[in-house]
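J.:
Residue numbers (my numbering), protein chains in the order written: chain A, 1 to 451; chain B, 452 to 902.
1) So, do the stretch 54 to 68 of chain A and the stretch 147 to 163 of chain A have three or more beta carbon pairs nearer to each other than 8 Å?
2) Looking only at C-alpha atoms, which of 419(A), 120(A), 328(A) sits nearest to residue 400(A)?
3) Among 343(A), 302(A), 146(A), which residue has its Cα nearest to the Cα of residue 125(A)?
4) Measuring only between beta-carbons, confirm whether residue 207(A) sits less than 9 Å from chain B.
5) Measure the beta-carbon distance from residue 110(A) to residue 336(A) and round it to whole angstroms, keeping in mind my assumption that it falls under 8 Å.
6) In the DSSP assignment, the alpha helix (DSSP H) including residue 166(A) goes from what residue to what residue?
7) If you measure from the beta carbon of residue 870(B) to each beta carbon in chain A, is any gap under 9 Å?
8) Among all the DSSP beta bridges, which residues are the ones paired with residue 411(A)?
9) Strictly under 9 Å for the Cβ-Cβ distance: is residue 570(B) near chain A by that measure?
10) Please name the residues in the stretch 799 to 822 of chain B whose beta-carbon is closer than 8 Å to at least one beta-carbon of chain A, in chain order.
11) Let me check understanding here. Comparing Cα to Cα, which of 532(B), 864(B), 552(B), 882(B) lies closest to residue 468(B)?
12) Within 10 angstroms of its Cβ, does residue 616(B) collect 16 or more other Cβ (buried), or is it exposed?
13) Say whether chain B places a C-beta atom closer than 9 Å to the C-beta of residue 284(A).
14) What residues in the stretch 760 to 772 of chain B have a beta carbon less than 9 Å from any beta carbon of chain D?
15) Apart from the five residues on each side of it in sequence, which residues of its chain come closer than 6 Å, Cβ to Cβ, to residue 878(B)?
16) Residue 432(A) lies in the alpha helix (DSSP H); which residues open and close that run?
17) Determine the contact status of residue 307(A) and residue 754(B), defining contact as a CB-CB distance below 9 Å.
18) Residue 595(B) by DSSP, collapsed to three states: which one?
19) In whole angstroms, give me the CA-to-CA distance for residue 279(A) and residue 107(A).
20) Which residues, in order along the stretch 214 to 228 of chain A, keep a beta-carbon less than 7 Å from a beta-carbon of chain B?
21) Just to confirm the assignment, what range does the alpha helix (DSSP H) spanning residue 711(B) have?
22) Roughly how many angstroms lie between the CA atoms of residue 511(B) and residue 495(B), to the nearest whole one?
23) Do you know offhand how far residue 196(A)'s Cα is from residue 856(B)'s?
24) At what residues does the alpha helix (DSSP H) containing residue 678(B) begin and finish?
25) Looking only at its own chain, which residues have a Cβ that is under 6 Å from the Cβ of residue 340(A), when we skip the five neighbours before and after it?
26) For residue 460(B) and residue 894(B), I'd like the C-alpha separation in whole angstroms.
27) Go through the stretch 695 to 758 of chain B residue by residue and report every complete run of the beta strand (DSSP E) that reaches 3 residues or more, in order.
28) Taking DSSP's pairing of strands, which residues face residue 319(A) in a bridge?
29) At 4 residues or longer, what runs of the alpha helix (DSSP H) sit wholly inside the stretch 769 to 854 of chain B?
30) What is the rounded straight-line gap between the Cα of residue 749(B) and the Cα of residue 201(A)?
31) Taking only beta-carbon positions, decide if residue 710(B) is within less than 9 Å of chain A.
32) With a threshold of 9 Å between beta-carbons, can residue 851(B) be considered close to chain A, or not?
33) Leaving out five residues on either side along the sequence, give the residues of the same chain with a beta carbon under 6 Å from the beta carbon of residue 874(B).
34) Assuming contact is defined by CB atoms lying nearer than 9 Å, are residue 224(A) and residue 349(A) in contact in what I supplied?
35) Rounding to the nearest angstrom, what Cα-Cα distance links residue 544(B) and residue 490(B) in this structure?
36) Run the CB neighbour count on residue 843(B), radius 10 Å, all protein chains shown included, and call it buried at 16 or more, exposed below.
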């Protein structure tokens, strides 16, 4: 580790520069949902990779360009990093304590939209590459750097990109964009992401709203929608769509075993949310198992008729619901969409129209890949702290397309922390976590080269 | 009828004056929902009654005052008129072809907010009283004139008023505010109004909206509401609240018999609303029976979570529904409210809060009262047209409090027509219908005096 010590020393000596690099990227707004700063930010990231000797280019899509660069290293091993340069909108602005685009440092933290998700990790890894190159003049392995600009709006073009450039994307492992430590310094290593099938359900029962006195004989859009929704899932939380669970992959013994090591944070969450128990009264191991291995069917929105103060005696002609299904391997969002359509038709709800938004497949990597061992081992060595291995994140991302579909194992690692306020006002990371992640990324590259 | 002919001649000769009286009242806005012009309009109506020699006063309430006046007549018989001086808001203004408060006359119609509902009827009856007094110097019977100012917001203080002034309200019959003819000139005589139990259902499942990836373990307000609603009524349209139908009064043989005479306007309505069939596929007599004798449970509004464009991956903490129950005799809205609360509790929905808005009891008068005979017979004589007798209106009003509770029989009669656009832009009545209703009101008073 003597050689790595020189890299760590270099990192410590150049902290100001690496922090300034991150501040520069955070100060460049890049809101994909609003089309703000996308071209400028892609060019900036491309420049940062070029400065580090990467063979880099922007791959245009009909949305944000994908920045992809490669630099060969000492061993034949290849490691990919998946990041994204786009961020969430900064709204609501009045809840920020400072300017979301200032990247100011206060109380040991860097504050700004996107600093945790995921410009901090993006620049930390580039900083590790910089330090390795400065100290050793070469990287320990081939590094592939994939930076998309639509992660916050459903990674719309990643699948298309991976199909078109499959040859360039071959790798021995992939470090993911997100990740961080808990309050006790334990870093979570996640091995997958849930998929999503997000649908909008609409129904128009008559041509216009009518006085509710006539509802005795007319079809009511709100009732049609209510009954259609109630046919999808009941209070037992079992999804009633025929075939919905058919492709759910059984957890392996190893996957079930790691669940026991996952800390139970239920008490804090229940207190924050003002509830006495979780759904179905589940606790402990069974609650945690469901979290990671069960798909969901969640009403995200409902709208129909009159929703203001007091009463309006109307029978609504139209009703709308948004329904979010989180999927687990090996469910396929397109198949799930078709099953829902079929279910509605078979239950007499041919009048309910459904439309899909941003389907993504679920992905999950192996628990015992060399990459996971390296990330786990190096974190423990670097910090003296434990890690928490989870079979999957509960969130959704393009894991499947970049890992499962290409036969690549992935895992997360990062500079985040529990109060990072991702997707919320006052997003931040600790400077200390940022510097640690630079060192951790350098260690991962070094160790994985010979793993 | 020679004497009445003199009254009719007087009416014909003074048409301009009676139309001007109506225009003056329509030009005075009186929107109870917005608190506009209530005091001014009450004073104007009080003045019109005083001019006709009524012993009249305003009865203050915590809302709009009720104007009540009496004038004794030749016989000991007493006839009441129930009207209201308040009107619906004029919005949406941009859909009116003219100023809603101008009361302009165009194409043989008087246009303006409230002209049909119900300032036209209100002034027509006052005009009939005027003509009778001018020609005969006395009324044929005692007339009681009740004019409230909150009909459009649920007749909030009528029950309180009838309790406090029961002695003044005794009468042998009551002519109601609404009514009119169909396209073939047949006047509908309705004998009741449905009651209403309008509730708002709300649920808060967690303290704040959370990311939908966490919905796997958390209670979702939108699901709770959906299941609670689905427990109230299924696609068979049968309301599942225990005891809901217990007090539904069976239609009498006579009531069922008049159904056969009610014209079936289903084809036109279905075409206008773009539907091929009514609820449950009902047609003919059974559809019409349900219209008049069955209570309803209608979702009037739904709101929860994200309802904008595209997708937002949120699990809603709050959800809201508005549910409108139309009741038939002898259901009681307060009892129905309690039954719904009990139903929710027994079905595990103690988390759903419910709140009542503007409960009103259903009321229904006898089919063969002297008043109905008089109204029916005089209309046929006056116009040579048929009437359509319906056991009840499908709408709601304070019928119970002014009739059933006081032992008074009531029925409707009026100047309306099918395209009067009540509660909508471009409300109107035909001048011809207005003058006819003045004459009809005079005939009713004359004939009922000796009925």
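Cβ atoms here follow ideal geometry from the backbone N, Cα and C, with glycine treated the same way. Note that the structure is a prediction, hence the values are computed from the model and not measured.
T.: Inspection of the coordinates gives the following:
1) yes
2) Residue 400(A) sits at position 400 when you count from the first residue of the first chain. Cα-wise, what sits closest to residue 400(A) is 328(A).
3) Sequence index remark: in the first chain, residue 125(A) carries index 125 (1-based). Nearest option by C-alpha distance: 146(A).
4) Locating residue 207(A) in the first chain gives position 207, counting from the first residue. Taking Cβ atoms only, chain B reaches closer than 9 Å to residue 207(A), which makes this a yes.
5) Counted from its first residue, the first chain places residue 110(A) at position 110. Counted from its first residue, the first chain places residue 336(A) at position 336. So it is not a contact: roughly 40 Å between Cβ atoms.
6) On the first chain, position 166 is the one that residue 166(A) refers to. Taken as a continuous stretch (DSSP letters only), the alpha helix (DSSP H) holding residue 166(A) covers 166 to 169.
7) Walking along the second chain from the start, residue 870(B) turns up at place 419. Residue 870(B) does not count as touching chain A.
8) Here residue 411(A) is taken as the residue at index 411 of the first chain, counted from 1. According to DSSP, which records beta bridges pairwise, residue 411(A) is partnered with 175(A).
9) The sequence position of residue 570(B) within the second chain is 119, counting from 1. No, residue 570(B) lies away from the interface with chain A (no Cβ there is under 9 Å from its Cβ).
10) 799, 808, 809
11) Counting from one through the second chain, the residue named residue 468(B) turns up at place 17. The candidate whose alpha carbon is nearest that of residue 468(B) is 882(B).
12) Here residue 616(B) is taken as the residue at index 165 of the second chain, counted from 1. Residue 616(B) comes out exposed.
13) For the purposes of this step, residue 284(A) is taken as residue 284 along the first chain, with counting starting at 1. By this cut-off, residue 284(A) is not an interface position.
14) Of the protein chains in the structure, A and B, none is chain D.
15) Taking the second chain and counting its residues from 1, one reaches residue 878(B) at position 427. Taken in chain order, the residues that qualify are 564, 566, 567, 872.
16) The count along the first chain starts at 1 and reaches residue 432(A) at position 432. Looking at the DSSP string, the run of the alpha helix (DSSP H) that includes residue 432(A) is 431 to 448.
17) Reading the first chain from its first residue, position 307 is the one you call residue 307(A). Reading the second chain from its first residue, position 303 is the one you call residue 754(B). Yes. Within cutoff.
18) As a working mapping, residue 595(B) is identified with position 144 in the second chain. Correct three-state label for residue 595(B): strand.
19) If you number the first chain from 1, residue 279(A) lands on position 279. If you number the first chain from 1, residue 107(A) lands on position 107. Cα to Cα, residue 279(A) sits roughly 38 Å from residue 107(A).
20) 214, 215, 216, 217, 218, 219, 220, 222, 223, 226, 227
21) For this step, residue 711(B) is matched to residue 260 along the second chain. Taken as a continuous stretch (DSSP letters only), residue 711(B) belongs to no alpha helix (DSSP H), as it is neither H nor E.
22) Residue numbering aside, residue 511(B) sits at position 60 when the second chain is read from its first letter. Residue numbering aside, residue 495(B) sits at position 44 when the second chain is read from its first letter. Approximately 15 Å between the Cα atoms of the pair.
23) Translated into the one-based positions of the first chain, residue 196(A) becomes position 196. Translated into the one-based positions of the second chain, residue 856(B) becomes position 405. Distance between the alpha carbons of residue 196(A) and residue 856(B): 59 Å.
24) Against the second chain, residue 678(B) aligns to sequence position 227. Where residue 678(B) is concerned, the enclosing alpha helix (DSSP H) stretches over 672 to 683.
25) Position 340 of the first chain, counted from the first residue, corresponds to residue 340(A). Once the five neighbours on either side are set aside, the close Cβ partners of residue 340(A) are 241.
26) Here residue 460(B) refers to the residue found at position 9 of the second chain. Here residue 894(B) refers to the residue found at position 443 of the second chain. For residue 460(B) and residue 894(B), the distance between alpha carbons rounds to 13 Å.
27) 749 to 756
28) Within the first chain, residue 319(A) is the residue found at index 319, counting from 1. 203(A), 304(A).
29) 784 to 797, 821 to 834, 850 to 853
30) Sequence index remark: in the second chain, residue 749(B) carries index 298 (1-based). Sequence index remark: in the first chain, residue 201(A) carries index 201 (1-based). Roughly 20 Å separates the two Cα atoms.
31) As a first step, residue 710(B) is located in the second chain; it is residue number 259 there, counting from the start. No, no contact with chain A.
32) Here residue 851(B) refers to the residue found at position 400 of the second chain. It does not: the Cβ of residue 851(B) has no partner Cβ on chain A nearer than 9 Å.
33) Here residue 874(B) refers to the residue found at position 423 of the second chain. If we look at residue 874(B) and ignore the five residues flanking it on each side, its Cβ neighbours are 539.
34) By one-based count along the first chain, residue 224(A) stands at place 224. By one-based count along the first chain, residue 349(A) stands at place 349. Yes, Cβ-Cβ distance for residue 224(A) and residue 349(A) is below 9 Å.
35) Here residue 544(B) is taken as the residue at index 93 of the second chain, counted from 1. Here residue 490(B) is taken as the residue at index 39 of the second chain, counted from 1. Each residue's alpha carbon lies about 23 Å from the other.
36) The sequence position of residue 843(B) within the second chain is 392, counting from 1. Counting Cβ neighbours within 10 Å, residue 843(B) comes out buried, since at least 16 surround it.
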